[in-house]
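Once you know that position 113 of the sequence shown is 689 in the working numbering, the rest is easy, because the numbers rise by one and skip nothing. Note that beta-carbon positions come from the ideal geometry of N, C-alpha and C, so glycine has one too. Predicted model, so just to flag it, every value in this text is computed and none were measured.
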Amino acid sequence: MKPVIALVGRPNVGKSTLFNRLTKTRDAIVADFAGLTRDRHYGNGKHGKHEFIVIDTGGFEPDAGSGIFKEMAKQTRQAVAEADVVVFVVDARAGLSAQDHDIGNYLRKLGKPCLVIANKAEGMKAGAQLSEFFELGLGEVYPVSAAHGQGMRSLIELALDAS
Ligand code: GDP
Ligand code: MG
577 MKPVIALVGR PNVGKSTLFN RLTKTRDAIV ADFAGLTRDR HYGNGKHGKH
627 EFIVIDTGGF EPDAGSGIFK EMAKQTRQAV AEADVVVFVV DARAGLSAQD
677 HDIGNYLRKL GKPCLVIANK AEGMKAGAQL SEFFELGLGE VYPVSAAHGQ
727 GMRSLIELAL DAS
């Protein structure tokens, strides 16, 4: 069985851009609109001889009230349930938000292997700027840049190790 990696995070952090990198496709919808990828979206990834499946998700708000946001939250919970490892994407530039906390709490309770990935970290020094994400209580925070393809190899290796 190929390991399944689910990309989770609030809208606009770069999940779909990361999905495209990991699957080397342009299938996912990348946009400046928050939450455009409404449905779960599957892709195949390959690293050396290791193959894996990636699930892109729309934005996730665990307490989403109704309508499209509730549906997106449901889809995301299903993706998380299917996953061997959850990649929780946060925005290194925007910093920690209330939504990140909500998602972090949800993932912590779930107890699945989970990696916190700080995207949009191109040109940023690891350390001070990322330390606030330790508040999520999910351990180490790994800087990447999906747009620039930085940190992809370590991300894949960490995710495969955790799966
Ligand atoms: P999603 O809503 O989480 O799927 O986010 P998207 O992948 O649609 O990206 C949202 C916005 O962030 C787009 O304008 C992307 O071009 C931008 N973005 C994604 N990854 C990076 C990155 O590594 N660095 C920067 N600076 N912008 C990024
Ligand atoms: Mg998206």
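Within the model, the alpha-carbon separation for Val-720 versus Arg-597 is close to 11 Å.
Contact check for Val-692 against Val-584 fails: the beta carbons are separated by 7 Å or more. Taking the CA atoms as reference points, Val-589 sits about 9 Å from Ala-668. Here Phe-628 is buried. Its C-beta has 16 or more other C-beta atoms within 10 Å. Not one heavy atom of the ligand MG falls within 6 Å of the beta-carbon of Ser-673. Put simply, of Asp-678, Leu-686, Tyr-618 and Gly-727 the residue whose alpha carbon is nearest the alpha carbon of Ala-657 is Leu-686. Ranking Lys-625, Lys-600, Tyr-618 and Leu-736 by CA distance to the CA of Pro-689 puts Leu-736 first. Contact check for Lys-600 against Val-665 fails: the beta carbons are separated by 7 Å or more. Going by DSSP, Ala-694 is part of the beta strand (DSSP E) stretching over 690-695. Setting aside the 5 residues that flank it on each side, Lys-578 is surrounded in the same chain by Glu-627, Phe-628 and Ile-629, each with a C-beta closer than 6 Å to its C-beta; the list follows chain order.
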